[in-house]
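First residue of the sequence shown? That's 27 in my numbering, and the numbers climb one at a time after it. Even glycine gets a Cβ: it sits at the ideal position worked out from N, Cα and C.
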Amino acid sequence: MADVNFKIQDLQNNFTLERGSKDREDSIFLWEAINYLRFLSSSRRDEILKPIFSSLSQEIDFSDVRCLSWKEVRTMRQGGMHFGSHGCSHSSLVELSDIEIRKELLESKRVLEKELSQDCFFFALPFGSQLDFNPSIIKKVEEIGYLKCLLKFVQQG
27 MADVNFKIQD LQNNFTLERG SKDREDSIFL WEAINYLRFL SSSRRDEILK
77 PIFSSLSQEI DFSDVRCLSW KEVRTMRQGG MHFGSHGCSH SSLVELSDIE
127 IRKELLESKR VLEKELSQDC FFFALPFGSQ LDFNPSIIKK VEEIGYLKCL
177 LKFVQQG
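Below you can see the structure in the form of structure tokens.
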């Protein structure tokens, strides 16, 4: 266990999670942090994470980090791969305001359509669990013009 102790604290929601205590492994800390932060808007998440980033000895900039470059995406598209929207900030939409949800849906669609020069018809919910959507979100996805909303269902037992 590392000596460094990180604390994720959201006073607005009375939530605190600490890394470095002897009873919590790093991997458990990370999954608990991801599970909490996913339900926050990207701006609120940035506010909470800023003290952690500023306490590190090097500057971290995630603004330009992607799994694929646009060149790679275009090459894959030319090869027949289809791409759909996943939102802009990888936030679970269920706790966001209507304005934030619309921004996630519209901006992601707009960027994909601009970069790929074609319509974007599919939206995959970030995380995709039953905790991450409701009928209102599905309705907004349809209203914005997506043809399909992709969900991940996990069967119980």
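Closest by CA to residue i, which one among the options?
| i | options | result |
| --- | --- | --- |
| E126 | T42, P152, Y62 and S68 | S68 |
| E133 | H112, F65, I54 and R71 | H112 |
| S162 | N40, D36 and D124 | D124 |
| H108 | D145, L66 and S155 | D145 |
| V147 | I164, S155 and G171 | Going by the sequence as given, residue 147 is Phe instead of Val. Nearest option by C-alpha distance: G171. |
| E58 | G105, R103 and T42 | T42 |
Please confirm whether residue i and residue j have their CB atoms less than 8 Å apart.
| i | j | result |
| --- | --- | --- |
| C114 | E130 | yes |
| Q173 | L151 | According to the sequence shown, residue 173 is Leu rather than Gln. Cβ atoms of L173 and L151: not closer than 8 Å. |
| R128 | K166 | yes |
| D36 | I74 | yes |
| G110 | F149 | yes |
Am I right that residue i and residue j are in contact with their C-beta atoms under 8 Å? What's the rounded C-beta distance?
| i | j | result |
| --- | --- | --- |
| L157 | V99 | Between V99 and L157 the Cβ distance is about 29 Å, and since that is not below 8 Å, they are no contact. |
| W250 | E169 | This structure gives no information on residue 250, because the portion of the chain shown stretches from 27 to 183. |
| F55 | R45 | 4 Å |
Classify residue i: buried if its beta carbon has 16 or more other beta carbons within 10 angstroms, exposed otherwise.
| i | result |
| --- | --- |
| C93 | exposed |
| L122 | buried |
| S143 | exposed |
| F153 | buried |
| I60 | exposed |
| S117 | buried |
| K33 | exposed |
| N40 | exposed |
| A28 | Because the pLDDT at A28 is just 46, under 50, the model does not fix this residue reliably, and the point stays unresolved. |
Measuring from the CB of residue i, is there a heavy atom of the ligand PLP at a distance below 7 Å?
| i | result |
| --- | --- |
| F148 | The model on display carries no ligand, and the ligand PLP is accordingly not part of it. |
| query | Which whole runs of the alpha helix (DSSP H) in the segment 135-172 are 4 residues long or more, in chain order? | reply | Counting whole runs of 4 or more residues, the segment 135-172 contains the alpha helix (DSSP H) stretches 161-170.
| Unbroken stretches of the alpha helix (DSSP H), 4 residues or longer, contained in the segment 56-87 | The DSSP assignment places 68-81 as complete runs of the alpha helix (DSSP H) inside the segment 56-87, in order along the chain (cut-off: 4 residues).
| field | Ordered list of alpha helix (DSSP H) runs contained in the segment 88-135, each at least 4 residues | value | As for any alpha helix (DSSP H) of minimum length 4 sitting wholly inside the segment 88-135, the runs are 96-104, ordered along the chain.
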